[in-house]
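So the sequence shown is numbered by this note's numbering: it starts at 2 and just counts up by one.
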Amino acid sequence: MFRLTRERTARGVTTVEVVYGLTSLTRTEATAEDVLDFTRAHWGIESRLHDVRDVTLGEDKCRVRRGQSARVLASLRNVAVHLLRREDDPSLAATTRRLAAFPHQAVAMITTPASISA
């Protein structure tokens, strides 16, 4: 078991968050640095996906909150993020703008089989 205290200051307001975790590793196997690296990696992935789904795809603005519909929409957004990341535009926002301007490219993106060769 471990305890991690995070202190953050934003706009002059300091907040402290305490997080507890559980690992099967011993104290010598899981050093403080290992635990911090793991939590940073986890939150980096979480923040990256959440930021894209929320900011680029407007997930938090969606009013669907109940039943399976919210889960289905989240899954569709994950698929959309995967497809958008395959494009060569400088950002996902640029890709969404391009596809909004040229919807036939969006249709081609989802109907054309992807190459599985490396």
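Where a beta carbon is used, it is the ideal one built from N, C-alpha and C, also for glycine.
Check, Outcome
"Bounding residues of the alpha helix (DSSP H) (the contiguous stretch that carries Gly68)", "Gly68 to Arg86"
"N-terminal and C-terminal residue of the beta strand (DSSP E) that Thr15 is part of", "Val14 to Gly22"
"6 Å CB neighbourhood of Gly22 in its chain, flanking five on each side removed", "Phe3"
"Where Ala109 sits in the DSSP three-state scheme", "helix"
"Helix, strand or coil at Glu8 [DSSP, three-state]", "strand"
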